[in-house]
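Residue numbers (this note's numbering): 352 to 409.
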């Protein structure tokens, strides 16, 4: 007899979730937040400088 396969939504849900025993440290989560904020600030400042430069070139 052929083994019956579960429907795609019924497959083992624990494989889709992250391992609960492996938590990120507070340092790493804080570093991610700070890194994103720095990246965002750099992108905004760069965009403003590019806009001002484009105004002078026109």
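Glycine included, every Cβ here is placed at the ideal spot set by N, Cα and C. Quantities reported herein were computed from a predicted structural model and do not represent experimental measurements.
Between residue i and residue j, what straight-line distance do the alpha-carbon atoms span, to the nearest angstrom?
| i | j | result |
| --- | --- | --- |
| residue 387 | residue 356 | 42 Å |
| residue 375 | residue 389 | 21 Å |
| residue 393 | residue 401 | 12 Å |
| residue 292 | residue 377 | In this structure the chain extends from 352 to 409, so residue 292 is not present and cannot be described. |
| residue 399 | residue 380 | 29 Å |
| residue 382 | residue 391 | 14 Å |
| residue 406 | residue 397 | 14 Å |
Is residue i near the ligand SAH, judged by its Cβ being under 6 Å from some heavy atom?
| i | result |
| --- | --- |
| residue 408 | For the ligand SAH, the structure offers nothing, since it holds no ligand at all. |
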